[in-house]
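Going by UniProt numbering, the first residue of the sequence shown is number 1, and it counts up by one from there.
Below is one structure, written out as C-alpha cells; the observations come after it.
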Amino acid sequence: MDVLSQAVLGASLSQSVTNDKARQWTALLIGALAGMAPDLDVLIRSADDPLLFLEFHRQFTHSLLFIPLGALLLAMVFYPFVKTKLTFAQSYLFSFSGLATHGLLDACTSYGTQLFWPFSNERVAWNIVSIVDPLFTIPVLVFIVLAVYRKQRLFAQIAFVYAVVFLSLGFIQKHRAEDALYSLAEQRGHEVERMRVKPSFANRHVWKLIYEYKEHYYVDAVKLLSNKKIIPGTSIQKLNVKRDLPWLTQNSKQAKDIERFRWFSDDFLAIDPQNPNTVMDVRYSLLPNNIKLMWGIKLKQPMNNIPASHVKFIVNTQARKQTRKQFIDMLF
Numbered sequence: 001m002d003v004l005s006q007a008v009l010g011a012s013l014s015q016s017v018t019n020d021k022a023r024q025w026t027a028l029l030i031g032a033l034a035g036m037a038p039d040l041d042v043l044i045r046s047a048d049d050p051l052l053f054l055e056f057h058r059q060f061t062h063s064l065l066f067i068p069l070g071a072l073l074l075a076m077v078f079y080p081f082v083k084t085k086l087t088f089a090q091s092y093l094f095s096f097s098g099l100a101t102h103g104l105l106d107a108c109t110s111y112g113t114q115l116f117w118p119f120s121n122e123r124v125a126w127n128i129v130s131i132v133d134p135l136f137t138i139p140v141l142v143f144i145v146l147a148v149y150r151k152q153r154l155f156a157q158i159a160f161v162y163a164v165v166f167l168s169l170g171f172i173q174k175h176r177a178e179d180a181l182y183s184l185a186e187q188r189g190h191e192v193e194r195m196r197v198k199p200s201f202a203n204r205h206v207w208k209l210i211y212e213y214k215e216h217y218y219v220d221a222v223k224l225l226s227n228k229k230i231i232p233g234t235s236i237q238k239l240n241v242k243r244d245l246p247w248l249t250q251n252s253k254q255a256k257d258i259e260r261f262r263w264f265s266d267d268f269l270a271i272d273p274q275n276p277n278t279v280m281d282v283r284y285s286l287l288p289n290n291i292k293l294m295w296g297i298k299l300k301q302p303m304n305n306i307p308a309s310h311v312k313f314i315v316n317t318q319a320r321k322q323t324r325k326q327f328i329d330m331l332f
C-alpha cells in the first residue's frame with residue numbers, strides 16, 4: 001500500500017507491544033520508519049534495464065524470511081539515536097514489529113508481493129484492498145496519535161485490531177465480487193478459464209472484474225452495496241506473441257522482457273489498442289470497467305538488422321476530468 005498506510009500500521013503494532021507510557025512516541029517513530037523501510041527497494045534500478053525494478057520491488061525486502069535480519073539492521077541504525085531511552089532489545093522489538101507488517105499488508109493488494117522469497121518467486125496478491133484506502137489509513141492514524149497524546153497503548157491496540165478487521169472484511173467483499181463475476185459470465189454463456197477481482201482505487205464497494213474466455217479478457221465492474229450492480233465493460237484479445245508481434249526475434253532481449261513482464265502481470269497481457277507495439281497489463285486501468293493502458297512495455301522493431309535493446313516501461317496515470325467524473329459517478 002501507500003507509504004502512509006505502511007507507516008501507521010507499523011507504528012500501531014510497535015506501540016501495542018510497549019508497556020511504558022513514556023515510550024509511545026518513540027515506538028511510533030521507530031515503528032513507522034520500519035514500516036516504510038522495505039520500500040527502499042524502489043531505489044534498485046538500472047538505466048540500461050527498465051524492468052529491473054519490477055523484479056526487485058516487493059522482493060527480498062518484503063519476504064517473511066527477511067524480517068528478523070531487516071529488523072536487526074534497522075535496530076542498529078535507530079539505536080544510536082534512542083539509546084538514552086531504549087535498550088537495544090527494545091529498539092529491535094519496535095523495528096521487528098514495524099517491519100513485520102509491511103509485506104503482509106502489501107500482499108493484501110493486487111500488485112503482488114514475494115512473501116516466500118528466496119524459496120519461491122510467486123507474487124502473492126490477495127486482492128482485498130486498494131493500494132490507497134482512506135477508510136483504512138485515517139482511523140489507524142487517529143488512534144496511534146491518540147495513543148501518544150494519552151500515553152496509553154490501548155489506542156494503538158484498537159488501531160491494529162481495526163486494521164486487521166478491516167482487511168478481513170475485504171475477503172467477504174472479494175467473495176461477493178467473485179460471485180458477481182461467475183454470474184455475469186454464465187449469463188453470457190462463457191466458461192471462466194481464469195479470473196481476477198480487485199477493489200478499484202480508494203474504496204471497498206466498486207470492484208474490477210476480469211476473466212479469460214477463449215483467448216479474450218472480459219473486463220467489467222460491480223458495485224457491491226446491499227445489492228450487486230454490474231457496470232458493463234469491454235473485452236480484448238489476449239496477447240499472442242507470434243500473431244501480434246510477428247517481427248519479434250525469439251530469444252531477443254525484447255522477447256525475454258515480454259516474459260519478464262508476463263511474470264509480473266500474472267499473464268494478463270494484451271496489445272494496447274492505441275499502439276500495436278505496446279504490451280499492456282490488463283489488470284490495471286483508471287476506470288475499473290475499462291481496458292486502457294495504465295502501464296505497459298513498448299517494443300521497438302529492429303532497424304537494419306540491428307537488434308533492439310530492452311523494452312521501454314511506460315506509465316499513464318493522468319486522469320482526464322471526464323474520467324474522474326465517470327469514476328466518481330460509479331462510486332455514488
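Just so you know, even glycine gets a beta-carbon here, dropped at the ideal spot from N, CA and C.
Closest by C-alpha distance to residue i, when choosing among the options
i: K298; options: F313, P118, Q15 and L43; result: F313
i: P118; options: K85, R204, T249 and L65; result: L65
i: Q237; options: Y213, K228, F171 and S252; result: Y213
i: K208; options: I291, F78 and K325; result: I291
i: Q254; options: D267, Q301, R188 and L239; result: Q301
i: R320; options: F332, D329, L286 and M330; result: L286
i: R188; options: V17, P139, Y218 and L99; result: Y218
i: N227; options: I328, V279, H205 and E191; result: H205
i: L215; options: R176, S168 and F268; result: A quick correction: the sequence has Glu, not Leu, at residue 215. Of R176, S168 and F268, the residue nearest in Cα terms is F268.
i: L9; options: L167, Y111 and V42; result: L167
i: L99; options: D281, D179, A75 and Y79; result: A75
i: R260; options: L105, P50, N275 and L13; result: P50
i: H62; options: V124, P288 and D20; result: V124
i: L105; options: V142, R324 and R58; result: R58
i: A177; options: V129, Y111 and W247; result: V129
i: D329; options: M303, V315, P288 and S309; result: P288
i: L154; options: D133, L73 and L13; result: L13
Residue i burial status per 10 Å Cβ neighbour count (16 or more: buried)
i: E186; result: exposed
i: V148; result: buried
i: D257; result: buried
i: L54; result: buried
i: P199; result: buried
i: G170; result: buried
i: E191; result: exposed
i: K223; result: buried
i: F332; result: exposed
i: M280; result: buried
i: T137; result: buried
i: D20; result: exposed
C-beta contact flag for residue i and residue j at 7 Å
i: L28; j: Q15; result: yes
i: I131; j: M294; result: no
i: G233; j: D220; result: yes
i: T101; j: A107; result: no
i: I144; j: A163; result: no
i: A34; j: S95; result: yes
i: A7; j: M36; result: yes
i: F56; j: I44; result: yes
i: T317; j: G296; result: no
i: S46; j: L52; result: yes
i: L181; j: I230; result: no
Span separating the alpha-carbon of residue i from that of residue j
i: P68; j: L115; result: 14 Å
i: L93; j: L239; result: 48 Å
i: K85; j: W126; result: 39 Å
i: Q326; j: I210; result: 19 Å
i: V174; j: V197; result: It should be pointed out that residue 174 corresponds to Lys in this sequence rather than to Val. In a straight line, the C-alpha of K174 is about 7 Å away from that of V197.
i: V82; j: G31; result: 13 Å
i: V17; j: G103; result: 19 Å
i: S97; j: A202; result: 26 Å
i: A22; j: Q152; result: 9 Å
i: L225; j: T109; result: 20 Å
i: V282; j: W25; result: 43 Å
i: V140; j: N251; result: 49 Å
i: E122; j: R194; result: 17 Å
i: D266; j: V142; result: 36 Å
i: L146; j: N275; result: 51 Å
i: V42; j: R262; result: 20 Å
i: P38; j: D179; result: 35 Å
i: P273; j: I172; result: 35 Å
Residue range of the beta strand (DSSP E) that includes residue i
i: T234; result: K228 to Q237
i: G296; result: W295 to K298
i: L331; result: Where L331 is concerned, there is no enclosing beta strand (DSSP E), although the alpha helix (DSSP H) it sits in stretches over K321 to L331.
i: R283; result: Unbroken run through R283: none, as it is neither H nor E.
i: E212; result: V206 to Y213
i: V192; result: Run containing V192: none; DSSP gives neither H nor E here.
Limits of the alpha helix (DSSP H) - the one that residue i falls within
i: F96; result: F88 to A107
i: D220; result: Segment H216 to L224 is the beta strand (DSSP E) holding D220; no alpha helix (DSSP H) there.
i: D179; result: R153 to Q187
i: residue 408; result: This structure leaves residue 408 out entirely; the chain is present only between 1 and 332.
i: M1; result: Run containing M1: none; DSSP gives neither H nor E here.
i: F261; result: K253 to F264
i: L28; result: Q24 to M36
i: F143; result: P134 to R150
i: K292; result: Segment: none, K292 is in no alpha helix (DSSP H) and carries neither H nor E.
i: V315; result: Careful: V315 lies outside any alpha helix (DSSP H), inside the beta strand (DSSP E) at K312 to V315.
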